[in-house]
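Sequences listed follow chains A and B, in order. Take our numbering: the last position of the first sequence gets the number 326, and nothing is skipped along the way. Take our numbering: the last position of the second sequence gets the number 442, and nothing is skipped along the way. To start, the structure under review is shown below, and the notes come after it.
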Amino acid sequence: MTPIPIIVDCDPGIDDTIALLTAFVSPELDILGITPVCGNQPLERTVRNALQVCELGRRTEIPVYAGCFRPMFREPIYGQFHGQTGLGNTVLPDPVKAVEKKSAVDFLIDTLIAAAALRKRITICCLGPMTNVAVALRMSPQIAEGIERIVMMGGAYREPGNRTMTAEFNVLADPHAAHVVFSSGIPIVALALDATHQVMLKPEHVAQFSSVSGRISETLAKLMAFWDRNDVRRYGSRGGPLHDPLVIAYLLAPHLFKTERARVFVEHESELCMGQTVADWYGKSGLEPNADIVIRVDAEGVIAFFLERLSRYAEKAVA
Amino acid sequence: MSRTRIIIDADPGVDDAAAILMALASPEIDVLGLSIVAGNVPLKDTVTNACKIVGVSGRIDVPVYAGAAGPLVRDQVFGKYARIGAFSDELVARSSIVPSDAHAVQFIARSAREAAEAGDPITICAMGPMTNIALALIQHPDVARGIRRIVSMGGAFTALGHRTPWAEFNIYADPHAAEIVYRSGVPIVVMPLDMTFQALFTAQHFESFRDRGGRAGGALYNLFSAFDRSDIERFGRLGGPIHDATTIAWLIKPELFTSLRATVGTQVTGLTLGYTYADFYQKMDRVPNATVVTDVDEAGFINLLIERISLYGSVAPGPKLPGG
Chain A
8 MTPIPIIVDC DPGIDDTIAL LTAFVSPELD ILGITPVCGN QPLERTVRNA
58 LQVCELGRRT EIPVYAGCFR PMFREPIYGQ FHGQTGLGNT VLPDPVKAVE
108 KKSAVDFLID TLIAAAALRK RITICCLGPM TNVAVALRMS PQIAEGIERI
158 VMMGGAYREP GNRTMTAEFN VLADPHAAHV VFSSGIPIVA LALDATHQVM
208 LKPEHVAQFS SVSGRISETL AKLMAFWDRN DVRRYGSRGG PLHDPLVIAY
258 LLAPHLFKTE RARVFVEHES ELCMGQTVAD WYGKSGLEPN ADIVIRVDAE
308 GVIAFFLERL SRYAEKAVA
Chain B
119 MSRTRIIIDA DPGVDDAAAI LMALASPEID VLGLSIVAGN VPLKDTVTNA
169 CKIVGVSGRI DVPVYAGAAG PLVRDQVFGK YARIGAFSDE LVARSSIVPS
219 DAHAVQFIAR SAREAAEAGD PITICAMGPM TNIALALIQH PDVARGIRRI
269 VSMGGAFTAL GHRTPWAEFN IYADPHAAEI VYRSGVPIVV MPLDMTFQAL
319 FTAQHFESFR DRGGRAGGAL YNLFSAFDRS DIERFGRLGG PIHDATTIAW
369 LIKPELFTSL RATVGTQVTG LTLGYTYADF YQKMDRVPNA TVVTDVDEAG
419 FINLLIERIS LYGSVAPGPK LPGG
């Protein structure tokens with residue numbers, strides 16, 4: 008089977024790192040590039056972290072392109088759960104790998120226009136604010152023809168927000184970009200807090216992951232331990248929601264997810280509700296659905312999926 | 119004297135045509151390229167028009183780059199004179215010029231970053247919605263560092279709007295882009311309707327373009343004759359403004375203009391979307407981000423534009439163009 012060509016647009020980030028490490032050992036995916044953006048951390052940091060994670064995963068041949076250094080319109084905000092560096096307490100060696108000269112936006116435009124011409128459409132995995140994709144779309148709208156679909160982590164529908172009462176971080180960090188993407192007509196699969204809060208990475212899981220993941224086990228255990236929100240009132244248990252990795256799991260094991268189609272609108276004008284994602288579940292807007300929103304996740308199945316994938320780092324053959 | 123290196127970001131457009139031809143004829147100015155945006159008319163037509171203008175100027179060394187086809191966030195609107203569309207061959211001769219391969223946003227970003235590195239920032243004259251400039255600014259901090267100033271035709275303060283009761287078209291068409299530019303830290307010079315309405319061009323001036331300005335002057339005469347911009351009810355006398363040309367005139371002869379420092383911004387939502395405010399009296403307690411040009415020496419500006427267009431009739435013409 009031909010691997011699925013993907014571009015990982017991200018802002019690493021602890022959960023981005025777990026997503027990338029999973030994608031790295033998945034031969035079903037052909038990772039054409041990684042495009043870090045300003046998000047959980049300032050751009051300089053997300054780029055550095057992406058380079059380090061490529062080295063950790065021994066996938067240094069994957070090019071990393073620096074994305075936009077700020078959101079489309081609003082002032083930048085940064086994540087709260089990723090520590091000083093974006094990788095918790097984990098200290099990785101200074102990267103030897105260098106970022107590409109070409110910008111992420113130019114890479115997206117060139118690659119997607121070529122993909123459209125070859126009719127080999129690319130899946131974009133959006134794990135952070137969607138500034139890069141939105142800017143590329145505004146510069147060259149024809150790139151939509153080269154995109155198979157966008158599988159994105161972001162938003163909160165029936166679930167309340169995680170950064171404000173109504174907004175999830177990735178959408179809040181660039182609501183105008185999210186508005187551009189959701190208005191583009193490109194097929195979208197949305198992994199919002201509604202989905203990600205169903206998959207808690209609990210302390211007992213962390214122990215399991217560190218026991219199977221071979222040469223990355225120490226790093227992984229540290230990253231995952233830092234991820235514990237320790238907020239039973241909100242999440243029903245210890246642990247942290249496995250936000251970004253679900254995008255990779257969805258691509259590789261869609262049977263673990265149940266979706267519902269809806270029209271999604273992004274609030275980008277209100278102070279109070281800035282970044283809120285609103286789903287028209289019952290056809291009130293008179294507009295066609297533009298997204299498949301994940302409403303149910305087989306949490307056990309997903310944890311088992313990640314255990315199996317990350318155990319590949321214990322095999323000699325990896326990379 | 120070193121020439122001022124500029125990028126013209128425009129959406130031609132009739133008054134853009136006058137401004138571009140003025141710049142291309144002016145020895146004080148080195149036009150690095152035209153970055154074209156959708157605005158008055160759709161992108162396809164603004165690009166065609168830009169190529170035709172460069173064609174009649176004879177300056178085929180000046181590259182034209184196609185840019186954004188629509189605004190950053192809001193729904194697209196076109197100009198009051200959208201029926202202009204692409205200039206017909208009767209008005210402006212067909213041109214063999216085609217846009218360069220690079221995107222206008224890449225051109226702006228690359229030029230500005232190189233200028234930042236060289237320590238010699240460039241000037242941008244913005245004559246349309248500022249979508250291209252905003253898209254470049256979002257991508258890298260060196261873009262702002264490589265821009266000496268942005269001379270922006272746009273906005274209206276006491277004059278009120280011309281596209282909506284409150285809003286001037288360029289800002290109304292992409293208020294988010296305007297606000298990104300205003301907040302970018304790049305020094306801004308604002309040419310608002312308040313000032314551009316003070317200099318009115320009449321048939322007699324257009325005849326001067328035609329009689330003295332060679333092919334370029336003839337094309338301008340055709341355009342201004344075909345699309346009458348006068349509004350006697352509003353202006354109280356004959357004639358119409360050539361808004362965009364004030365950006366070039368300000369670079370060449372700033373002494374023709376009077377200005378005030380102010381904090382400038384715009385509304386990006388709601389009924390007053392595209393409304394621009396200027397804090398002339400420091401009520402906001404902010405360091406001003408803009409020089410707002412409030413008055414123009416009408417005769418001085420009109421004479422300067424006619425003088426520069428006349429250069430197309432007096433100097434050796436540019437290289438002959440096929441079909442020109």
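Note that CB positions come from ideal geometry on N, CA and C, so glycine has one too.
*With respect to the alpha helix (DSSP H) encompassing P293/B, which residues constitute its N-terminal and C-terminal limits?*
P293 to Y300
*Does DSSP put T166/B in a helix, a strand or coil?*
helix
*What first and last residue would you give for the beta strand (DSSP E) that runs through T387/B?*
For T387/B, there is no enclosing beta strand (DSSP E), as DSSP gives it neither H nor E.
*asked:* By the three-class DSSP mapping on this structure, what secondary structure does C243/B have?
replied: strand
*In the structure shown, what three-state DSSP assignment does D238/A receive?*
coil
*Take V309/A and list the residues in its own chain whose beta-carbon comes closer than 8 angstroms to its own, dropping the five residues that flank it on each side.*
The answer, listed in chain order, is V206, L249, L253, A256, A260 and L263.
_Let's test the definition: count the other Cβ atoms within 10 Å of the Cβ of A124/A and tell me whether it reaches 16, buried, or not, exposed._
exposed
*In its own chain, which residues sit with a C-beta less than 6 angstroms from the C-beta of H361/B, not counting the 5 before and 5 after it?*
D133, M271 and T314
_Rounded to whole angstroms, what is the Cα-Cα separation between A73/A and M231/A?_
26 angstroms
_C-alpha distance - P136/A paired with K229/A, whole-angstrom precision_ = Roughly 25 angstroms separates the two Cα atoms.
_Nearest-angstrom beta carbon gap, A200/B and V159/B [assumed within contact, 8 angstroms]_ = 6 angstroms
*asked:* Under 8 angstroms, CB to CB, which of the residues in the segment 269-297 of chain A have a partner in chain B?
replied: H275 and E276
*Taking L311/B as the reference, give the member of R192/B, A291/B and F287/B with the closest Cα.*
F287/B
*Would you mind stating whether S302/B and A262/B have Cβ atoms separated by less than 8 angstroms?*
yes
*asked:* Does T314/B come out as helix, strand or coil in the three-state DSSP assignment?
replied: helix
_Suppose you measure from the CA of K371/B to the CA of E146/B; what does that come to, to the nearest Å?_
10 angstroms
*Terminal residues of the alpha helix (DSSP H) in which V219/A lies*: Note, V219/A: alpha helix (DSSP H), P210 to V219.
_Any beta carbon of chain A sitting closer than 8 angstroms to that of Q385/B?_
Chain A, which has no Cβ nearer than 8 angstroms to the Cβ of Q385/B, makes this no.
_Is there a C-beta anywhere in chain B that falls below 8 angstroms from the one on S147/A?_
yes
*Would you please verify whether the beta carbon of M207/A is less than 8 angstroms from any beta carbon of chain B?*
no
*asked:* According to DSSP, is F264/A part of a helix, a strand, or is it coil?
replied: DSSP places F264/A in strand when its eight states are reduced to three.
*Taking the Cβ atom as the reference point for each residue, do A334/B and S175/B lie within a distance shorter than 8 angstroms?*
Cβ atoms of A334/B and S175/B: closer than 8 angstroms.
_C-alpha distance - A324/A paired with Y289/A, whole-angstrom precision_ = Model confidence at A324/A stands at a pLDDT of 49, short of 50, so the residue's coordinates are unreliable and nothing is read from them.
*Simplified DSSP assignment, three categories, for D413/B*: strand
*For the segment 274-287 of chain A and the segment 171-185 of chain A, state whether three or more C-beta atom pairs, one from each stretch, are separated by less than 8 angstroms.*
Contact between the segment 274-287 of chain A and the segment 171-185 of chain A is present, because at least three Cβ pairs lie under 8 angstroms.
_Under 8 angstroms from the C-beta of C17/A: neighbouring residues of chain B_ = Within 8 angstroms Cβ-Cβ: nothing; C17/A doesn't reach chain B, min ~17 angstroms.
*asked:* Counting C-beta neighbours from all protein chains within 10 Å, is the total for M172/A 16 or more, i.e. buried, or is it exposed?
replied: The C-beta of M172/A has fewer than 16 other C-beta atoms within 10 Å across all chains shown, which makes the residue exposed.
*Mind checking who S270/B pairs with in its DSSP beta bridge?*
A244/B and V308/B
*Would you verify that the beta carbon of L152/B is, or is not, closer than 8 angstroms to some beta carbon of chain A?*
no
*Do F6/A and R66/A have their CB atoms nearer than 8 angstroms?*
Residue 6/A is absent from the model: chain A starts at 8 and stops at 326.
*asked:* On the DSSP bridge list, what partners appear for R404/B?
replied: Answer is none; R404/B lacks a bridge partner.
*Examine chain A for any beta-carbon lying closer than 8 angstroms to the beta-carbon of V223/B, and answer yes or no.*
yes
*With DSSP as the reference, please indicate the residues paired to C133/A in a beta bridge.*
D16/A and M159/A
*In whole angstroms, what separates the C-alpha of R100/A from that of Q59/A?*
Reading the sequence as shown, one finds Pro at residue 100/A and not Arg. When only Cα atoms are considered, P100/A and Q59/A end up about 7 angstroms apart.
*Taking contact to mean at least 3 C-beta pairs separated by less than 8 angstroms, is the segment 144-152 of chain A in contact with the segment 27-43 of chain A?*
Too few Cβ pairs lie closer than 8 angstroms, so no.
*Express the C-alpha separation of L39/A and I13/A in angstroms, rounding to a whole number.*
6 angstroms
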